[in-house]
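Novice: Numbering-wise, full-length UniProt numbering puts 50 at position 50 of the sequence shown, and it's gapless, one number per residue.
One structure, pasted below without further comment.
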Amino acid sequence: GPSGSSCVTAALGNTWSHSVNTRLILQYLGSERRQILIAKSPLAPFTSFVYTIKKEGLVLQGQQRP
1 GPSGSSCVTA ALGNTWSHSV NTRLILQYLG SERRQILIAK SPLAPFTSFV YTIKKEGLVL
61 QGQQRP
C-alpha cells in the first residue's frame with residue numbers, strides 16, 4: 001500500500017491446499033506396452049515406468065513377481 005507495508009494472504013485458504021498437484025502422463029509405446037511419466041509432483045522426482053495391462057492388473061516391465 002501507500003505506507004510501504006503490505007500483507008499477502010492466500011485467497012483460497014485451506015481449500016487450495018487440497019487441490020490436485022501431481023501430473024501423470026500416460027503414453028502408448030506399442031500394441032501392449034504403455035508408459036506412465038510422473039511429470040510434476042511435490043513428493044516424487046520426475047521418473048517413468050513402462051507397463052503392460054494383464055488380467056491380474058498392471059505389470060511393470062523389469063519387475064519380477066514374488
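Cβ coordinates follow ideal geometry from the N, Cα and C atoms, glycine included.
Note that this is a predicted model, so its numbers are computed, not measured.
Run the CB neighbour count on Y51, radius 10 Å, all protein chains shown included, and call it buried at 16 or more, exposed below.
Specialist: Taking the first residue of the sequence shown as position 1, residue 51 is located at position 51. It is buried - the Cβ of Y51 has at least 16 other Cβ atoms within 10 Å.
Novice: Just verifying my parser: in three-state terms, what is the DSSP assignment at G57?
Specialist: Taking the sequence shown and counting its residues from 1, one reaches residue 57 at position 57. In this structure, G57 counts as strand in the three-state DSSP scheme.
Novice: Let me know the secondary structure DSSP gives T22 once reduced to three states.
Specialist: Position 22 of the sequence shown holds residue 22. Here T22 sits in coil by DSSP.
Novice: Per DSSP, R34 forms a beta bridge with which residues?
Specialist: By one-based count along the sequence shown, residue 34 stands at place 34. Beta-bridge pairing links R34 to Y28 and Y51.
Novice: Taking P42 as the reference, give the member of N21, T15, S5 and L12 with the closest Cα.
Specialist: The residue you call residue 42 lines up with position 42 of the sequence shown. When only C-alpha atoms are compared, the closest one is N21.
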